[in-house]
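Inspection log for the structure reproduced underneath, given as structure tokens.
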Amino acid sequence: MSTIKFCINGKPYEVDCTFGPDVSLSEYIRTVAELRGTKVMCYEGGCGSCIVTVRAAFAPDNVTKTFAVNSCLVSVLSCHGWEVTTVEGIGNRIKGYHDIQTRLAKFNGTQCGYCTPGWIMNMYSLYEAKNGSLTLEEIENSFAGNMCRCTGYRPIADAFKSFAKDADQRLLDKLCDLEDLDIIKPCGLECAQMCTHRNKCFKNNAENKNGTEKYDEKNSDEDDNDFIHIQDDEKMMIVDTQTHKWYRAYSLTDVFKCMSLGDYKLIAGNTGQGVYPVSDYPTNVIDIFNVAEIKGYTIDVNLILGAGMTLSEMMELFLKLAAEKEEFTYLKQFYKHMDLVAHIPVRNKLPGVIAFYTAKDIPGENTFTPKNFYGLVEKEELLCDKQVKFYGQPAAIIVADREKTANKAARLVKVRYSSVSKNKPLLTIDQVLKSPEKNKRVRTDQTIEPTEVGNDVKTVITGEMRIGEQYHYHIETQACVTKPTEDGMEVLSSTQWLDVTNVAIARVLKVPDNSINIVVRRLGGAFGAKLTRSAQVACSAALVTHLLNKTCRMILPLPTNMQAMGKRPPAMCNFEIGVNGEGKIQYLKNTLYQDGGISYNETYTPQTIAFLPNCYDSKRWYISGNSVLTDKAGTTFCRAPAAKKACEIINERLQPIKDRMNNPSWEELIAEAYDNYVYLQASYAFDPHDVKNYNLYAVTLMEVEVDILTGNHDIKRVDVLQDTGRSLSPEIDIGQIEGALIMGLGYWTAEKTVYDSSTGKLLTNRTWNYKIPGIKDIPSDMRIYLRRNAKNEFGVLQSKATGEPSVCLATVFLHAAREAVRSARLDAGYDDVWFDIDIPCTVENIFMAVGHKLEHFKLK
């Protein structure tokens, strides 16, 4: 039998028969090669976190090419003869970083960092494929498959565009400002880069003066071996795994031979796995990627394409033929369409199960929401016990030796129900308000009565407003690693709230709180989703470690993460407003409802009521805030202080030492304090009353262009002036503002959850059907300004928050889009009256709001 051989970062690997076709390249990289820089999130080629670079030769011309692939989709058995490069292979702390890595960091193009390796490797693949000669257009069109929730994309785009040969002067000036760089000639004595970098080769003078070694691609492990170029005699390869046979075909004859052997599946790039996941492969898997007969094309009267052509190859061919042959000029339109819809990396009793646990295996309390913490007022079940509360509620834990084995086993579990309600689930606020259960499911949290009422009412306005929920879309799903220790357990949790996680685990396991040691390193995005919901995963992993006395790693698959974990809560309000002839409010009645899912935990209502008046005079307002229970996962905060006081205590101790010294450096001051036996540790217990409320101010201007015939929109420009107090780091504050603004734009323009009305199943539970903004969806021109010299006496070092408030700025899109639609309606002869635009303002909703008639589409 044949052996699959390939390289990862220059190191040779051989795949033995224990690896079947379901083992992806990403899994092999992370678990066998133990290179954890390659991340995974969606396992369907939709987020770009797993992108790696591949150099390989393929039929029909057998020319070696460099390209990016989504390693979560590629079977490791497809990698014969490949040179695979991961983010560790192009640069690291030991050998130094690649220019792409350092430049992305210098441009502040990373925040949580979880998506960063995928961005870097996609750019590296493009850079290498084009020998460093890139245009702005090529760079802009190469990242549709990379998602980022934190940055708002602008700094990433700027960093990568600075490599373009037609980069505008603004980016080059910024590059020099950031890095103090000079252009140096290739092959100079001081140059450590490859000659293919040509005039885009830079060196950092400051670093070189200090003797810091730059990363040298010539000396990397990638070129230190002779394994890479594998002789391939083009005889069909057969890999016999324990459960399947993998055939690597080189001709149609090979393919037809394999097809006669029984059930089979044809695989080329395996991108179909992303859209239509395969849980069980047939016995025979036929790799047709190297079959020359299906890689080419022929022209007679028609253009006939080989089924094995990649989308990238097809797009290049379309451009070529459109330019060379008049009868094929229409292919330019096909190219434009594919450029819109296809992204580059995509177009290119079960063995292993260890244990199965349910609620009855929990030694302590079956809850991950310990009461008496802020916002937690009732217990939510860790694992479903007796009555199912919502579709997708976790009911059991599968423990296996591989992540894929555990997921496969979970799909095989059959749940028997003793009785099934014939009533449909109540999934929306409207459904609850109309149901007989209204009194049991609606709780009034707070009511504000008016202190005065006007009597000059000329006009009464009534209406209602609805907003939907939003998935946080943290690129790292809920995850936790738990390890047994001699005195308890170490928990490496991706959490924003350590003490809730600590107490919840202790209650579940029925152990002392101090036997649980919580460790938090860094979070791959959170946005509030990892405040309390992370405790559910941490408690589950801790339960496994407690029962098996073994280390456990738990990472939720994206569909489970989206179905079982709470989201930003939907809300609606009914209002009645009386105004005088000048539009001044005489009275206002607002009844607000917020969807809490299955529990009243983490209700938003008090905060919403506090923020509702904004800058208005609310003396004449009546506000009723209500929480509503629906049959969905409990909603959670969508938002992201004792250290400050502890630092003040230490500074007080240091002040006498500092007064005796002559302007000492921090190191000198600490050394002197140590010699004088000054205790340099301090602790302080946080008191909510320590935090004082303060106002934030911002102005946002946005220019939106709407295509009236299709409903598409384009944000031409946005200007933001925001009050950040005395900014501690303007670059970070700008990044926070941009990221929050784009997250808000996603909420108002594209992000919508859809549920099955009969079961409550979330239907938008993947990257293919829940869409956040991509790199080409952001404003064409985005300008962020910080208000200067605006000290904040209540903030840390006189600063103000920037991440959460900036989400609100995105509402300006609604007003701009409405004005554009209003103008079109007036042009079409409609009266200037109020019209509804359903939220979010998707292409369909904007199109419907225009109110088209058939005659509008007739040419006159």
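Counting in the numbering used here, the sequence shown runs from 809 upward without gaps. Glycine included, C-beta positions come from ideal geometry on N, C-alpha and C.
Quick one: residues in its chain with C-beta nearer than 8 angstroms to the C-beta of arginine 838, no 5 flanking neighbours on either side, listed in chain order?
Around arginine 838: Arg844, Thr846, Val848.
Can we say the stretch 1357-1365 touches the stretch 1246-1255, given the rule of at least three CB pairs closer than 8 angstroms?
With a cut-off of 8 angstroms, the stretch 1246-1255 and the stretch 1357-1365 do not count as touching, because too few Cβ pairs lie within range.
Would you check if the distance between the CB atom of threonine 1610 and the CB atom of threonine 1532 is smaller than 8 angstroms?
Yes, Cβ-Cβ distance for threonine 1610 and threonine 1532 is below 8 angstroms.
Since alanine 1379 sits in a beta bridge, which residues does DSSP pair it with?
Note: alanine 1379 sits in a beta bridge opposite Ile1275, Gln1402.
Are alanine 1287 and isoleucine 1162 close, meaning C-beta to C-beta below 8 angstroms?
No, they are not a contact pair.
With distances taken from CA atoms, which of Phe1602, Ala952, Val862 is nearest asparagine 1501?
Comparing Cα positions, the closest option is Phe1602.
Which residues in the same chain have their Cβ closer than 7 angstroms to the Cβ of isoleucine 1038, if we skip the five residues on either side of it in sequence?
Note that isoleucine 1038 scores a pLDDT of 42, beneath 50, so its modelled location is shaky and nothing firm can be said.
Can you tell me the Cα-Cα spacing of alanine 1618 and glycine 1582, whole angstroms?
For alanine 1618 and glycine 1582, the distance between alpha carbons rounds to 16 angstroms.
Does methionine 1045 come out as helix, strand or coil in the three-state DSSP assignment?
Strand at methionine 1045.
Under 8 angstroms between the Cβ atoms of isoleucine 1269 and tryptophan 1429?
No, the pair does not count as a contact, with Cβ atoms beyond the cut-off.
Is cysteine 1360 helix, strand or coil when you go by DSSP?
In the structure shown, cysteine 1360 sits in a strand (DSSP, three-state: E or B).
Out of curiosity, what's the CA-to-CA distance linking aspartate 1669 and tyrosine 1424?
Missing from the structure shown is residue 1669; the chain here goes from 809 to 1668 and no further.
Can you say whether leucine 1669 is buried or exposed, counting buried as having 16 or more other CB atoms within 10 angstroms of its CB?
The requested residue 1669 does not occur in the structure, where the chain is confined to residues 809 to 1668.
Quick one: give me the first and last residue of the alpha helix (DSSP H) that methionine 1656 is part of.
1651-1658 is the span of the alpha helix (DSSP H), which, as asked, contains methionine 1656.
I'd like to know whether the C-beta atoms of serine 834 and cysteine 858 end up nearer to each other than 8 angstroms.
Yes, the pair counts as a contact, with Cβ atoms nearer than the cut-off.
According to DSSP, is asparagine 1310 helix, strand or coil?
Note: asparagine 1310 maps to helix in three-state DSSP.
Please return the same chain residues whose Cβ sits closer than 7 angstroms to the Cβ of cysteine 887, not counting the five positions on each side in sequence.
Taken in chain order, the residues that qualify are Ile812, Phe814, Leu833.
Whole alpha helix (DSSP H) runs in the stretch 909-976 with 4 or more residues, listed along the chain?
Listed in chain order, the complete alpha helix (DSSP H) runs (minimum 4 residues) inside the stretch 909-976 are 924-937, 944-948, 962-969.
Please classify isoleucine 1046 as buried or exposed, where buried requires at least 16 neighbouring CB atoms within 10 angstroms.
Exposed is the call here.
Just list the alpha helix (DSSP H) runs in the stretch 1604-1645, keeping only unbroken ones of 4 residues or longer that don't cross its boundaries, in chain order.
DSSP runs (the alpha helix (DSSP H)) wholly in the stretch 1604-1645: 1620-1635.
For cysteine 825, which of Gly818, Asn817, Arg1574, Ser810 has the nearest alpha-carbon?
Nearest option by C-alpha distance: Ser810.
Leucine 1184 to cysteine 1192, Cα distance in whole Å?
About 19 angstroms.
Who are the Cβ neighbours of asparagine 1573 in its own chain at under 6 angstroms, not counting the five residues just before and after it?
Closer than 6 angstroms at the Cβ level, and outside the excluded window around asparagine 1573, lie Pro1367, Met1370, Gln1371.
Looking only at its chain, what residues have a beta carbon closer than 8 angstroms to the beta carbon of arginine 1630, apart from the 5 residues adjacent to it on each side?
Cβ neighbours of arginine 1630 beyond the five flanking positions: Asp1640, Phe1643.
Using a 10 Å radius around the Cβ and a threshold of 16 neighbouring Cβ atoms, would you call valine 1154 buried or exposed?
Residue confidence is low: valine 1154 scores 45 on pLDDT, short of 50, so the model does not pin down where it sits. No coordinate-derived value is stated.
With a Cβ-Cβ cutoff of 8 angstroms, do leucine 1234 and valine 1228 count as a contact?
No, Cβ-Cβ distance for leucine 1234 and valine 1228 is not below 8 angstroms.
Note the first and the last residue of the continuous alpha helix (DSSP H) segment covering cysteine 1066.
Looking at the DSSP string, the run of the alpha helix (DSSP H) that includes cysteine 1066 is 1060-1067.
Which value, in whole angstroms, describes the spacing of the CA atoms of proline 1648 and alanine 1657?
Each residue's alpha carbon lies about 12 angstroms from the other.
Could you give the DSSP three-state label for arginine 1574: helix, strand or coil?
It is coil, neither helix nor strand.
DSSP on cysteine 1455, reduced to helix/strand/coil?
Helix at cysteine 1455.
Among the candidates Gly818, Lys1318, Pro1292, Val1327, whose CA atom is the shortest distance from the CA of aspartate 1307?
Of the candidates Gly818, Lys1318, Pro1292, Val1327, the one whose C-alpha sits nearest the C-alpha of aspartate 1307 is Val1327.
Across which residues does DSSP place asparagine 900 in a beta bridge pair?
In the DSSP output, where bridge partners are listed per residue, asparagine 900 has Gly904.
What is the DSSP secondary structure of glutamate 815, counted as helix, strand or coil?
Residue identity differs from the one stated: residue 815 is cysteine in this sequence, not glutamate. Note: cysteine 815 maps to strand in three-state DSSP.
Just how far apart, CA to CA, sit arginine 1591 and arginine 962?
Computed Cα separation, rounded: 10 angstroms.
To the nearest angstrom, how far is it from the Cα of lysine 1212 to the Cα of lysine 1197?
Computed Cα separation, rounded: 27 angstroms.
Can you check DSSP and say which residues form a bridge with tryptophan 1429?
According to DSSP, which records beta bridges pairwise, tryptophan 1429 is partnered with Leu1396.
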